[in-house]
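Going by our numbering, the sequence shown runs without a break in its numbering and finishes at 342.
Cβ atoms here follow ideal geometry from the backbone N, Cα and C, with glycine treated the same way.
Here the structure comes first, spelled out in structure tokens, and everything after it is commentary.
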Amino acid sequence: MLFRSVNLAAQAGVRYSIENPAVYIQSNLVGFGNILEICRQHKVKHLVYASTSSVYGLNQNMPFSEKSSVNHPMTLYAATKKSNEMMAHSYSHLFRLPTTGLRFFTVYGPWGRPDMALFLFTEAIMKDQPINVFNNGKMVRDFTYVEDIVEGIRLTLFKPAMPSSDFDPLNPRSDISTAPYRIFNIGNQKPVELMAYIKEIEKNLKMTAKINYLPMQDGDVPMTQSDTSALKDWVGYIPQTTIEEGVKNFVNWYLERNYSKT
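Here it is as structure tokens:
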């Protein structure tokens, strides 16, 4: 029997990787290596796995394109995710295992990680505590709602990666190959200023944030913006959720779960 597989498991987070590099090596490198080997042994029909926009690192050529260089990661987290893409390519080449990596751009929404900005900001505002805003608020992110991410994964899973006739070994691109291997951005394509993001949280909570402005953190970047035209051409991916809808959905979920009975 042939199976399709989705791997979203990893040790996530840019900042934590600076403090705890060994955890990322064990989970993201050793763990992903085990995933690839199991897929090879069981002749998986298609492996779709999560990569990250963090691989673009020092690259500031916007919007980020899969054709762009990802040779300068700024954190070990980003380096492990780039390594995952390279590991996947070796299995695609050697064992003809179809693999597709999706570079996620700032996923947000209900059931999100509690260390992400939306969760932290909402919780702090509700408790009348200050929120930390880095780079003095001059940050822009390609916030992508979780349901759009899930739909992109679903569409991709049922169209396995294939060798590309456009691959030029004299001018190789990192997103295509003569192996059954592809890399795609998956984002919203509409970057939002961080302060506008916070205003949406305030509007839905009907409260005002107390803001603690701080300098840029190590490993962080001032802006991300995705070019998702390749994924649109491949599977028809078009994100549907505006930042207004997405933040409202999260705040409603948060209030129902945390404050509806208090």
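Smallest Cα separation from residue i: which of the options?
i, options, result
"residue 310", "112, 266 and 161", "266"
"residue 283", "249, 325 and 300", "325"
"residue 143", "192, 308 and 335", "308"
"residue 238", "202, 274 and 317", "317"
"residue 116", "150, 175 and 93", "175"
"residue 196", "332, 94 and 85", "94"
"residue 136", "163, 331 and 123", "163"
"residue 148", "322, 305 and 320", "305"
"residue 270", "260, 221, 299 and 251", "221"
"residue 123", "83, 140, 146 and 145", "83"
"residue 242", "261, 293, 250 and 231", "261"
"residue 274", "217, 207, 152 and 169", "217"
"residue 286", "191, 139, 118 and 331", "331"
"residue 244", "139, 145 and 314", "314"
Should residue i and residue j be called a contact, given that it needs their Cβ atoms to be closer than 8 Å?
i, j, result
"residue 302", "residue 219", "yes"
"residue 224", "residue 128", "no"
"residue 133", "residue 193", "no"
"residue 86", "residue 233", "yes"
"residue 205", "residue 289", "yes"
"residue 113", "residue 89", "no"
"residue 150", "residue 187", "no"
"residue 214", "residue 140", "no"
Ordered along the chain, which non-local residues of its own chain (more than five positions away) have a Cβ less than 8 Å from that of residue i?
i, result
"residue 328", "280 and 284"
"residue 169", "179, 257, 259 and 261"
Taking Cβ positions only, does residue i come closer than 8 Å to chain C?
i, result
"residue 99", "Absent from the structure: chain C. Only one protein chain is present."
Leaving aside the five residues before and after residue i along the sequence, list all residues of the same chain whose C-beta is less than 7 Å from its C-beta, in chain order.
i, result
"residue 165", "131, 181 and 263"
"residue 312", "318"
"residue 91", "103, 104, 107 and 108"
"residue 278", "201 and 289"
"residue 119", "85, 127 and 177"
Would you tell me roughly how many angstroms separate the C-alpha atoms of residue i and residue j, rounded to the nearest one?
i, j, result
"residue 107", "residue 172", "21 Å"
"residue 253", "residue 178", "17 Å"
"residue 295", "residue 247", "42 Å"
"residue 291", "residue 212", "6 Å"
"residue 256", "residue 240", "13 Å"
"residue 198", "residue 336", "16 Å"
"residue 268", "residue 320", "8 Å"
"residue 209", "residue 125", "49 Å"
"residue 100", "residue 300", "16 Å"
"residue 156", "residue 207", "33 Å"
"residue 231", "residue 96", "28 Å"
"residue 322", "residue 145", "22 Å"
Within its chain, find whatever has a CB closer than 6 Å to the CB of residue i; leave out the 5 residues flanking it on each side and keep chain order.
i, result
"residue 334", "202"
"residue 159", "153"
"residue 190", "330 and 333"
Are there any heavy atoms of the ligand MN lying less than 7 Å away from the beta-carbon of residue i, as far as the coordinates show?
i, result
"residue 226", "Annotation note on the ligand MN: not contained in the displayed structure, which lists no ligands."
Exercise. Residue ranges of each alpha helix (DSSP H) run of no fewer than 4 residues wholly in the region 161-204, ordered along the chain?
Worked result: none
For this session: Report the residue ranges of all beta strand (DSSP E) runs contained in full by the region 205-286; include only those spanning at least 3 residues, in chain order.
Result: 210-213 and 261-266
For this session: Please specify which runs of the beta strand (DSSP E), each continuous and at least 3 residues long, are wholly inside the region 282-337, giving them in chain order.
Result: 290-293
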